[in-house]
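To start, the structure under review is shown below, and the notes come after it.
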Amino acid sequence: SGCRQQAGIQSACPYCGVGCGVRVQHRYQSGNLKTTTDVVGDPSHPANLGDLCVKGAALKESLSIPKRLLYPRVHGQEVSWAQATGVIAEKLKQTVAEHGPDSVAMYVSGQLLTEDYYVANKLMKGFIGTANLDTNSRLCMSSAVAAHNRAFGEDLVPVHYEDIGKAGLIVIVGANTAWTHPVLFRRIQQARAANPDVRLVVIDPRRTTTAEQADLHLPVANDGDVLLFHSLLRHLMDHQALDQTFINAYCQGFEALAQEVRHEKYRLMACADALDLNRESLHTFFTWFQETPETLTLFCQGINQSANGTDKANAIINCHLATGRIGKPGAGPFSLTGQPNAMGGREVGGLANQLAVHRGFDADSVREVGEFWQAPKMATQPGLKAVDLFDAMYDGKIKFVWVIATNPVVSLPDSCKVAEALSRCGCVVVSDISPDADTAAFADVLLPAAGWGEKDGMVTNSERMMSRQRAFLPPPGEAKADWRAICEVAQVMGFHGFDFASVADVYREYAALSGINRDAPYLFDISELASMSDEDYANWQPQRWPLGRSSHLFSDGRFPTARGRANFVLPASAEEAGDESSEHWWLNTGRQRDQWHTMTRTGHIARLAESETEPTVYMHPLSARKHQLEAGQLVCLKHAEQTLLAKLALDEGLSAKQLFMSMHWAGPFGFASRVNQMVAAVVDPVSGQPAFKSAAVSVSAA
Ligand code: SF4
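Have a look at this one:
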């Protein structure tokens, strides 16, 4: 045909924590005229081996969002970058001078690349002197982070994707993996097709697409997970199925936990009754777990997005520690991350309660990081977590905020209060690719960000695999990579240490910083990458950290705690399962298969929009009949002062008092239907992660 096709630029999908590799192929006609660009799965990437889900397969269409932000704006007027940067630097300086460093904040995103995260963290925690830098990853996996820290001494995910092919039992808790991590779910399906003895158990109040494909679905009552996993531990104890050698040699704190689970309420029958589960089904699950050394437990937002998400995650980890099912092929607790670089943000220190490179705010860490950065003003204590940060803004304590690559007006709970907080804030800077993002409407300064395909950097997926996102298009107008925008503001403020020549330069410094962990018991140390050349960085192929290690974390039974032992964690208090007899409905929020976050990058793609064309709330058909409601009619949800309108649809997978609504609706169409208006800002006391899965609402015909 006269066309030729490039071998392809390797990059990574920007949508979810599976972290699939893609190849971007330009086709050229003779005369070097580029005709089309294709985005296909990368067969050489270990995360997906060439596979893509429907969102990943539509990446090409996502490149042309209807409206791009092309030039910086100050109060709606287009200005030069120099002017915008000057305004931000001046406002930051002035606010800190008048009200102190804790009066300013950044709210960033698991969409940021590691290098963006690194310079944002360095500016705030080393040079402005506040740890008020938090990320929307707080909403997604901070409870898993806290649980890892409590159990292992460090935020470590001890499972590899290859373990899926080695497991005999796969347990999925609180996750609709078939929709939210589709390529990973396909690996599970392939493992089961290859070996029909591999069992799949799904624990979820909803009979989701994932649950429908399981050998056993346990429709546990809302927020019953600690009770369920304590009861499993009790069963394992009663049946002499613990690995006492592992417990004695490598763990601590078991006796207190064992004493707790001896309580009557953790007997199988009591647990089944309390959680409205079939006793035989629960017994089957317990028996399968007892009999299968190669057990993997995958968990996600049904665990993390709870008022006790950290305790739930620790209850799962406890069962793996007690059976020695960790650090071994095909076995372990596996926290799935939602966003493409949530894990990279955790590594850098993108959460307000982390300092950097897996270090906290102890005196040694503050000193060592401060010396490395030659920082004039180190933050010495944790900053405000997302919900607290916007509450402080509402109360007038945060007077400057820079929001990057996230849409908190839609995605945070109690979203109307978040909007009010932003309108009260003295100066709001928003970096985004679109001028129409809901949060952009509150911006005093709006910065055009380079998007996927226009910028370079590193991301880390759910299994600690570091991959490169690569630029293959020029940014439109004056759009710019976030790390550059942040560094320019830092330089105008007179701070040294932000004159990076390239994104590779940023990465090398970050890698070097992780070398401070070398003499400490931390496992996050990528400092050998500090000396990599520009060429090595350009040609980087996916690798998991710890680098050069193929065996599992903890395979030697050593954990990075002070005593080198893993901790059994006893939850602070027993949870109360959602009361089905209460007059409220329980509103569960989550993803649709085909949409991404607040739809800013996927809402315009026709084939992705087909699966849910308007804001929709789902209810069991019998419940609808009982309340004289019909599919297709408009219903009104109420919570406190807030109301929400949506179309009613029926779903037999829900229990009698449960509702489900997707989290995506935003923008003008979703204005009256942002589901987080209905969700009170209840957070886990340890992690600060909000609960999004069981909001109490009322429902009536509109
Ligand atoms: Fe992208 Fe996740 Fe789909 Fe892979 S599974 S293609 S990373 S959205």
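Under the UniProt record's numbering, the residues of the sequence shown are numbered 3 to 704, in order. Idealized CB from N, CA, C, for every residue including glycine.
Inset, instruction - Note down the Cα distance separating residue 364 from residue 383, rounded to an integer number of angstroms. - result: Reading the sequence shown from its first residue, position 362 is the one you call residue 364. Reading the sequence shown from its first residue, position 381 is the one you call residue 383. The alpha-carbon atoms of residue 364 and residue 383 are separated by roughly 8 angstroms.
Inset, instruction - Would you kindly report the start and end of the unbroken alpha helix (DSSP H) that includes residue 22? - result: Residue numbering aside, residue 22 sits at position 20 when the sequence shown is read from its first letter. Here residue 22 belongs to no alpha helix (DSSP H), and DSSP marks it neither H nor E.
Inset, instruction - Classify residue 644 as helix, strand or coil using the three-state DSSP reduction. - result: Locating residue 644 in the sequence shown gives position 642, counting from the first residue. Assigned with DSSP and collapsed to three states, residue 644 falls in strand.
Legend entry - Any non-hydrogen atom of the ligand ADP closer than 8 angstroms to residue 57 Cβ: Among the ligands modelled here, namely the ligand SF4, the ligand ADP does not occur.
Inset, instruction - Report yes if the C-beta of residue 599 is less than 8 angstroms from at least one heavy atom of the ligand SF4; otherwise report no. - result: Numbered from its first residue, the sequence shown carries residue 599 at position 597. Checking every heavy atom of the ligand SF4 against the Cβ of residue 599, none is found closer than 8 angstroms.
Inset, instruction - Say yes only if the C-beta of residue 544 is nearer than 8 angstroms to one or more non-hydrogen atoms of the ligand SF4, and no if none qualify. - result: On the sequence shown, position 542 is the one that residue 544 refers to. Every heavy atom of the ligand SF4 is 8 angstroms or more from the Cβ of residue 544, so no.
Legend entry - Secondary structure of residue 298, DSSP reduced to three states: Reading the sequence shown from its first residue, position 296 is the one you call residue 298. Strand.
Legend entry - Sequence-distant residues of the same chain with beta carbon closer than 7 angstroms to residue 616, five excluded per side: As a working mapping, residue 616 is identified with position 614 in the sequence shown. Same-chain partners within the cutoff: 649.
Inset, instruction - May I ask whether a heavy atom of the ligand SF4 can be found less than 8 angstroms away from the beta carbon of residue 163? - result: Numbered from 1 along the sequence shown, position 161 holds the residue referred to as residue 163. Result no, Cβ not under 8 angstroms from the ligand SF4.
Inset, instruction - Could you name each continuous alpha helix (DSSP H) segment of 4 residues or more that falls completely within the stretch 240-276, going from the start of the chain to the end? - result: Under the rule that a run must span 4 or more residues, the alpha helix (DSSP H) segments found entirely inside the stretch 240-276 read 246-252, 256-263, 270-276.
Inset, instruction - Please specify which runs of the alpha helix (DSSP H), each continuous and at least 4 residues long, are wholly inside the stretch 52-113, giving them in chain order. - result: Correct list: 56-59, 61-64, 83-101.
Inset, instruction - Taking all protein chains shown into account, decide if residue 207 is buried (16 or more other Cβ within 10 angstroms of its Cβ) or exposed. - result: The residue given as residue 207 occupies position 205 in the sequence shown. That one is buried.
Inset, instruction - Determine the closest residue to residue 117 out of 521, 461, 558, with distance taken between C-alpha atoms. - result: Translated into the one-based positions of the sequence shown, residue 117 becomes position 115. It is 461 whose Cα lies nearest to the Cα of residue 117.
Inset, instruction - Consider the C-beta atom of residue 186 and the heavy atoms of the ligand SF4; say whether any pair is separated by less than 8 angstroms. - result: Residue 186 sits at position 184 when you count from the first residue of the sequence shown. The answer is yes for residue 186.
Legend entry - residue 282 versus residue 321 - alpha carbon distance: As a position in the sequence shown, residue 282 is number 280, starting the count at 1. As a position in the sequence shown, residue 321 is number 319, starting the count at 1. Computed Cα separation, rounded: 20 angstroms.
Inset, instruction - Starting from residue 700, follow the beta strand (DSSP E) in both directions and report where the run begins and ends. - result: Position 698 of the sequence shown, counted from the first residue, corresponds to residue 700. Judged by DSSP secondary structure, residue 700 falls within the beta strand (DSSP E) whose first and last residues are 697-703.
Inset, instruction - Check whether the Cβ atoms of residue 295 and residue 554 lie closer than 9 angstroms to each other. - result: Mapped onto the sequence shown, residue 295 falls at position 293. Mapped onto the sequence shown, residue 554 falls at position 552. No, they are not a contact pair.
Inset, instruction - Along the beta strand (DSSP E) that carries residue 433, what are the first and last residues, could you check? - result: Against the sequence shown, residue 433 aligns to sequence position 431. Element bounds for residue 433: 429-434.
Legend entry - Chain-order list of residues whose beta-carbon lies under 6 angstroms from that of residue 710 (same chain, five-residue window excluded): Because residue 710 is not part of the residues shown, which for the chain are 3 to 704, the question remains open.
Inset, instruction - Report the rounded CA-to-CA distance for residue 142 versus residue 114, giving the unit in angstroms. - result: On the sequence shown, residue 142 is found 140 positions in, with the first residue counted as 1. On the sequence shown, residue 114 is found 112 positions in, with the first residue counted as 1. For residue 142 and residue 114, the distance between alpha carbons rounds to 15 angstroms.
Inset, instruction - Please name the residue, chosen from 171, 183, 107, that lies closest to residue 22 on a Cα-to-Cα basis. - result: Locating residue 22 in the sequence shown gives position 20, where the first residue counts as 1. Taking only the C-alpha atoms, the option nearest residue 22 is 183.
Legend entry - Inter-stretch contact (C-beta, 8 angstroms, three-pair minimum) for the stretch 191-203 and the stretch 251-258: With a cut-off of 8 angstroms, the stretch 251-258 and the stretch 191-203 do not count as touching, because too few Cβ pairs lie within range.
Inset, instruction - Give every residue of the same chain whose Cβ lies closer than 7 angstroms to the Cβ of residue 168, excluding the five residues on either side of it in the sequence, and list them in chain order. - result: Counting from 1 along the sequence shown, the entry for residue 168 is found at position 166. The residues are 296, 331, 332.
Legend entry - Through-space distance from residue 603 to residue 464, alpha-carbon basis: By 1-based counting over the sequence shown, the position of residue 464 is 462. By 1-based counting over the sequence shown, the position of residue 603 is 601. Residue 464 and residue 603 have their alpha carbons spaced roughly 22 angstroms apart.
Legend entry - Given 8 angstroms, three or more beta-carbon pairs between the stretch 137-153 and the stretch 482-496: Not touching, per the Cβ criterion.
Legend entry - Proximity winner among 89, 136, 545, relative to residue 111 (alpha-carbon distances): Here residue 111 is taken as the residue at index 109 of the sequence shown, counted from 1. Looking from the CA of residue 111, the closest CA among 89, 136, 545 belongs to 136.
Inset, instruction - Would you mind stating whether residue 675 and residue 647 have Cβ atoms separated by less than 9 angstroms? - result: Along the sequence shown, read from residue 1 onward, the residue named residue 675 stands at position 673. Along the sequence shown, read from residue 1 onward, the residue named residue 647 stands at position 645. Closer than 9 angstroms, so yes.
Inset, instruction - Would you tell me roughly how many angstroms separate the C-alpha atoms of residue 524 and residue 661, rounded to the nearest one? - result: Here residue 524 refers to the residue found at position 522 of the sequence shown. Here residue 661 refers to the residue found at position 659 of the sequence shown. When rounded, the distance between both Cα atoms is 43 angstroms.
Inset, instruction - Count the other C-beta atoms from every protein chain shown that fall within 10 angstroms of the C-beta of residue 275, then say buried if there are 16 or more, exposed otherwise. - result: Position 273 of the sequence shown, counting from 1, holds the residue named residue 275. Using a 10 angstroms sphere on the CB of residue 275, the tally of other CB atoms stays under 16, which defines it as exposed.
Legend entry - Min CB distance residue 333 to chain B below 9 angstroms: The chain inventory of the structure shown lacks chain B, comprising one protein chain alone.
Inset, instruction - State yes or no: is the C-beta of residue 183 nearer than 8 angstroms to some heavy atom of the ligand SF4? - result: Numbered from its first residue, the sequence shown carries residue 183 at position 181. Within the cutoff, so yes.
Legend entry - Extent of the continuous alpha helix (DSSP H) run through residue 306: For this step, residue 306 is matched to residue 304 along the sequence shown. In the DSSP assignment, residue 306 falls within the alpha helix (DSSP H) that extends over 303-306.
Legend entry - Distance between residue 567 and residue 144 (C-alpha atoms, nearest Å): On the sequence shown, position 142 is the one that residue 144 refers to. On the sequence shown, position 565 is the one that residue 567 refers to. Approximately 22 angstroms, taken between the alpha carbons.
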